[in-house]
Amino acid sequence: MDRAPVDPTAQDPIRVLVVDDQSMIRGGFAALLDAQEGIEVVGTAADGAGITETVRTTRPDVVLMDIRMPQVGGLEATRAVLAMPGTPPKIIMLTTFDAEEYVFSALRAGASGFLLKDSTPEELVQAVRVVADGESLLAPRVTRALIADFVARPERAAGADLSMSVLTERELDVLRAVARGLSNREIAAELVMAEQTVKSHVSRILGKLALRDRAQLVVAAYESGLVRRGE
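Note that the sequence shown covers residues 13 to 243 in the working numbering.
Written as structure tokens, this is what we have:
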């Protein structure tokens, strides 16, 4: 039987690695994602132990990482993966409602976003696509947990002296909205601008502050004092 012709314009699938110590969640997420067009699950793991070798052999674009696992947990595993040479994968931390106290630490470790384990299948698929596309993912409940965790800290960590004076007033408006967990579309509606303009502002803010992604912007906004609880 002749093979179907290869579409030269077709994009490579998003390669996903699922790391979770609960076999039902690990298997369920993997099966759901692998059934989606444009997504390929390249591996699963039950623990963060040996994560760098797993990433090296499977070459994922996105890693779904449980934040709490035996032996090597998600925070330590995330730091190990992001310290690897070359372009590291994006990491989405999997968490439950009662584990949200780890949000701040995980963002500082370099996670690109969070996904609650009670998210819908549609939210799971969208999360992978969004993060693979270079954006960060912060669900509103997780953003609130980040704020509460930060406010509870008596100290202001390394990013506290990060100067926001390099940003324009409009860029500061956009950054405040990002820190509240709003999407580009929501920011565009609130600030009355085109969604593409929001994306351009976010890119310029990242460049000016020498930050990697949207998750780091959220941390920087709170550490600098630009945004405070209740705003």
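For each residue, glycine too, the CB sits at the ideal point set by N, CA and C.
Candidates the options, of which the one nearest residue i by Cα
i      : options                           : result
Glu65  : Ala139, Leu94, Val204 and Gly50   : Leu94
Leu45  : Val204, Ala58, Val30 and Met36    : Val30
Arg188 : Val239, Glu134, Ser195 and Leu223 : Val239
Gly86  : Leu106, Thr99, Lys129 and Leu128  : Leu106
Ala47  : Met36, Asp32 and Pro25            : Pro25
Thr108 : Val115, Arg182, Lys129 and Ser124 : Lys129
Beta bridge counterpart(s) of residue i as assigned by DSSP
i     : result
Thr70 : Beta-bridge pairing links Thr70 to no other residue.
Asp78 : Leu106
Arg27 : Glu52
Ala61 : Answer is none; Ala61 lacks a bridge partner.
Rounded Cβ spacing between residue i and residue j (contact assumed at less than 8 angstroms)
i      : j      : result
Gly55  : Thr70  : 4 angstroms
Val84  : Gly60  : 3 angstroms
Thr90  : Ile104 : Not really, about 10 angstroms apart at Cβ, beyond 8 angstroms.
Asp78  : Asp32  : 4 angstroms
Lys220 : Val178 : 5 angstroms
Ala139 : Leu127 : 5 angstroms
Met96  : Val143 : Contact doesn't hold; Cβ gap of about 18 angstroms is too wide.
Ala58  : Arg38  : 7 angstroms
Tyr176 : Ser215 : Per the sequence shown, the amino acid found at residue 176 is Met instead of Tyr. With a Cβ gap of about 17 angstroms, Met176 and Ser215 do not count as contacting.
Start-to-end residues for the beta strand (DSSP E) that takes in residue i
i      : result
Gly98  : Element bounds for Gly98: n/a, residue is neither H nor E.
Leu238 : Segment: none, Leu238 is in no beta strand (DSSP E) and carries neither H nor E.
Enclosing alpha helix (DSSP H) for residue i [first to last residue]
i      : result
Val190 : Glu181 to Ala191
Ala144 : Pro133 to Ala144
Ala200 : Asn196 to Leu203
Leu221 : Glu207 to Leu221
Ser115 : As written in the sequence, residue 115 is Val, which differs from the Ser given in the question. Here the alpha helix (DSSP H) through Val115 covers Val115 to Ala121.
Gly125 : No alpha helix (DSSP H) contains Gly125, which is instead part of the beta strand (DSSP E) from Gly125 to Leu128.
Ser35  : Ser35 to Asp46
Between the segment 226–236 and the segment 182–201, are three or more C-beta pairs nearer than 8 angstroms?
yes
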